[in-house]
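Numbers in the numbering used here are just positions in the sequence shown, counted from 1, shifted up by 25. Here a beta-carbon is modelled for each residue, glycine too, at the ideal position from N, C-alpha and C. Note that this is a predicted model, so its numbers are computed, not measured.
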Amino acid sequence: LLYRLFLGKKFVFDHHDLSPEMFDAKYHGKKKFLRKILLWLERMTLKSARLVLSTNESYKKVAVQRGGKDPGDVYVVRTGPDLERLELMPPEPRLKRGKKNMVCYLGEMCPQDGVDVLLQSIDYFINDLGRRDTHFMLVGGGPAMPEMKRLSEEMGLSDYVEFTGRVSDEDLCRTLSSADVCVDPDPWSEWSNHSTMNKILEYMTFGKPIVAFELEENKNSAREAALYVKPNDTELFARAIDELLNDSERRHRMGEFGAARIQGHLSWEHTHKALIAAYHRLFPKMMTSDEAEQNILDLVMNHIMSDSINLAHKDENLYFVGFDDKQDIVQVAEKILYDDVQQN
Numbered sequence: 026l027l028y029r030l031f032l033g034k035k036f037v038f039d040h041h042d043l044s045p046e047m048f049d050a051k052y053h054g055k056k057k058f059l060r061k062i063l064l065w066l067e068r069m070t071l072k073s074a075r076l077v078l079s080t081n082e083s084y085k086k087v088a089v090q091r092g093g094k095d096p097g098d099v100y101v102v103r104t105g106p107d108l109e110r111l112e113l114m115p116p117e118p119r120l121k122r123g124k125k126n127m128v129c130y131l132g133e134m135c136p137q138d139g140v141d142v143l144l145q146s147i148d149y150f151i152n153d154l155g156r157r158d159t160h161f162m163l164v165g166g167g168p169a170m171p172e173m174k175r176l177s178e179e180m181g182l183s184d185y186v187e188f189t190g191r192v193s194d195e196d197l198c199r200t201l202s203s204a205d206v207c208v209d210p211d212p213w214s215e216w217s218n219h220s221t222m223n224k225i226l227e228y229m230t231f232g233k234p235i236v237a238f239e240l241e242e243n244k245n246s247a248r249e250a251a252l253y254v255k256p257n258d259t260e261l262f263a264r265a266i267d268e269l270l271n272d273s274e275r276r277h278r279m280g281e282f283g284a285a286r287i288q289g290h291l292s293w294e295h296t297h298k299a300l301i302a303a304y305h306r307l308f309p310k311m312m313t314s315d316e317a318e319q320n321i322l323d324l325v326m327n328h329i330m331s332d333s334i335n336l337a338h339k340d341e342n343l344y345f346v347g348f349d350d351k352q353d354i355v356q357v358a359e360k361i362l363y364d365d366v367q368q369n
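As structure tokens, then:
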């Protein structure tokens, strides 16, 4: 508010998590006074923002209903995987540790993320359904990982469950490329029901079928790429994994649907348009990238016959020019164009 009132700044709130709901998921209704403070902070942040960027429609509803924002001032800019970072690789059977199948979990392991729920499902999968042909790879770190690893050992799952900790992008790609099924065991809470889980989108990037609990934003993201079960039911979760492992054709269809959705509707090519629209609301005179490129070309062509170029410094192909010095920039551009013509 101080920046807005006295310096004329524009404040945009990137609403990327539901703090009160996250607090509830972690503390289960305890410390209610702190929750009230979080609600007040959220409301004041939303009210003081000129525009709000929400990660999904559920968050937009919170900004409008709880924060009192005009719906026209809230832009949904969906999160999405970095397709340049995530690359599909040939499957590596050795990652399955001698088993026929591999099921993968990816994500930070915090108390609210349901890794304990997943372990209960794995126990039912092995000991009640009698499936001993599947390796479970749990990728990611987090404060709850040591406790989850200890719990897995106590349950006698060490021969079937592997905790990798945090891994490199390359190892992550190798693991997801080799998985048969991927899982999101986030149990139902107001936070999980209304949040977009990045792991869901990353599974879809690799064309993997998903087992997840029936949460609103899970369904909005994955649609037919996931098999949904009643929230928090560990036995149904295990049976859904079993069902998909027994149906390779269905897995293939679900994976193809998810990958196509990431490349299409959920790709940055589409989702960035809302972000650009929000910027245009703040800066009505802002050029598009095409307009800016054309302006540069016009500058160069208008000065192409100017005097010889004197550069203060040049280091291989990197040119240094004075800050905001239009003439220097034009001269460097002319030099680059001239050298290109001479070489070609």
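Near the ligand PLP: residue i beta-carbon under 7 Å from a heavy atom
i	result
L240	Ligands displayed in this structure: none; no statement on the ligand PLP is therefore possible.
Integer Cβ distance of residue i from residue j, believed to fall under 8 Å
i	j	result
G289	G232	Actually they do not touch by this definition, with Cβ atoms about 13 Å apart.
A88	V102	Not quite, the Cβ-Cβ distance comes to about 13 Å (not below 8 Å), so this is no contact.
L176	D141	6 Å
G92	K72	6 Å
A251	N245	Not a contact, Cβ separation roughly 11 Å.
R248	R286	7 Å
W216	N257	Rounded, the Cβ-Cβ distance is 14 Å, inconsistent with contact.
L63	P45	5 Å
N218	E241	5 Å
W293	G105	6 Å
S220	L43	7 Å
V164	L197	6 Å
L154	A263	6 Å
Local Cβ density within 10 Å of residue i, reported as buried at 16 or more and exposed below that
i	result
F14	It is not possible to answer for residue 14, since the shown part of the chain is limited to 26 through 369.
I225	buried
F308	exposed
S193	exposed
D211	buried
H338	Bear in mind that the predicted position of H338 carries a pLDDT of just 47, short of 50, making it too unreliable to give a figure here.
R68	exposed
M134	buried
E227	buried
R122	exposed
M330	For M330, the pLDDT reaches just 48, beneath the cut-off of 50, and the residue's location in the model is therefore unreliable, although a value from the coordinates is still provided. Exposed, because fewer than 16 other Cβ atoms sit within 10 Å of the Cβ of M330.
S184	Here residue 184 is Asp; the residue named in the question, Ser, does not match the sequence. The residue is exposed, with fewer than 16 neighbouring Cβ atoms inside 10 Å.
S146	buried
K57	exposed
L108	exposed
D138	buried
K85	buried
N81	buried
H40	buried
Sheet register partners of residue i (DSSP bridge)
i	result
H40	S79
I235	C207, A251
L307	Answer is none; L307 lacks a bridge partner.
Spatial neighbours of residue i in its chain, beta-carbon cut-off 6 Å, leaving aside the 5 residues before and after
i	result
G190	G166
L291	G105
K375	One cannot answer for residue 375 here, as it falls past the ends of the chain, which runs 26 to 369.
L300	V102
D98	L76
Neighbourhood of residue i by C-beta distance below 8 Å, restricted to the same chain and skipping five residues each side
i	result
K34	Y28
N126	D158, T159, H160, D205, V206, L270
D37	The amino acid occupying residue 37 in the given sequence is Val; Asp does not appear at that position. Around V37: A74, R75, L76, V77, L78, A303, L307.
M162	L120, M127, V128, C129, Y130, E187, T189, T200, A204
P115	S202
R156	F150, D267, L270
I334	Only weak support is given to the placement of I334: the predicted model assigns it a pLDDT of 47, under 50, and the value that follows is read from those uncertain coordinates. Correct list, in chain order: Q356, V357, E359, K360.
F11	There is no way to answer for residue 11, as the model of the chain reaches only from 26 to 369.
I235	V206, C207, V208, D209, I225, Y228, M229, A247, A250, A251, L252, M279, G283
D49	R60, S214, E215, W216
M311	Y304, H305
D95	V89
Cβ shell of residue i (< 7 Å), same chain only, five flanking positions each side left out
i	result
L143	Y130, V208, P210
Q352	none
E117	R199, S203
S136	One detail in the question is off: residue 136 reads as Pro in this sequence, not Ser. Excluding sequence neighbours, P136 sits near K51, A169.
K255	E239, L261
T296	V102, R103, G105
T259	V142, Q145, S146, Y149
G132	D138, G165, K224
Only counting runs of 3 or more residues, tell me where the beta strand (DSSP E) segments fall wholly within the segment 144-207, in order along the chain.
159-164, 186-190
Along the chain, which unbroken stretches of the alpha helix (DSSP H) at least 4 residues long are found entirely within the segment 67-135?
DSSP runs (the alpha helix (DSSP H)) wholly in the segment 67-135: 82-90.
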